[in-house]
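Working notes for the structure below.
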Amino acid sequence: MGEEEATLEVEIHVEKQINVVVSCRINQKKHKTLWFLQGREVSRKTVMEKMVELNIQMDSLCQFLPQDRVADFALMNSQQLLVATEKAVEAPQLSHLLQKLNSSLKPLLKIPLWLMKACSSFSSTL
């Protein structure tokens, strides 16, 4: 049916530094995956931390589009698409600041509704 083991290797160019080499060895028969960074065996968590350090967003639909993830775009509403796009094109700090701003503005959006109700109640008592 195929090979028992496969190795995937990606070399990432880093400006003014040594390129980062990430390898993943998958053994289908043993149901085991080994991760390597610069040829040294490491945990998956260590590889993910390195990706964050390099500002590679592993969960970004815009950076990684395997076929099973492409369908996720079709299921997103306009707000979700905006958030996914922001994450893909901007620094993670900006995405965090936009989330914080959004949370801060939610109470303010309720003020006009509250004010309208108060004005309506006031005018009906006149």
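What the sequence shown shows, in the UniProt record's numbering, is residues 1 to 126, in sequence order. Glycine residues also receive a C-beta, built at the ideal position from the N, C-alpha and C atoms. In this text the structure is predicted, and so the values were computed from the model without any measurement.
Inter-residue CB distance, residue i and residue j (contact presumed, cutoff 8 Å)
| i | j | result |
| --- | --- | --- |
| Asn-19 | Ile-12 | 6 Å |
Cβ shell of residue i (< 7 Å), same chain only, five flanking positions each side left out
| i | result |
| --- | --- |
| Lys-50 | Val-20 and Leu-37 |
| Lys-29 | Glu-4 |
| Asn-102 | none |
| Ala-6 | Ile-26 |
Distance CB(residue i)-CB(residue j) smaller than 7 Å
| i | j | result |
| --- | --- | --- |
| Val-47 | Val-22 | yes |
| Ser-78 | Glu-86 | no |
Neighbourhood of residue i by C-beta distance below 6 Å, restricted to the same chain and skipping five residues each side
| i | result |
| --- | --- |
| Leu-8 | Cys-24 |
Residues near residue i in its chain [Cβ-Cβ closer than 8 Å; skip 5 each side]
| i | result |
| --- | --- |
| Val-42 | Trp-35 and Phe-36 |
Open item on the list: Please give the ranges of any beta strand (DSSP E) in the region 14 to 68, keeping only runs that are unbroken, at least 3 residues long and fully inside the region.
Closed with: If only uninterrupted beta strand (DSSP E) runs of at least 3 residues are considered, those enclosed by the region 14 to 68 are 20 to 27, 32 to 37 and 40 to 42.
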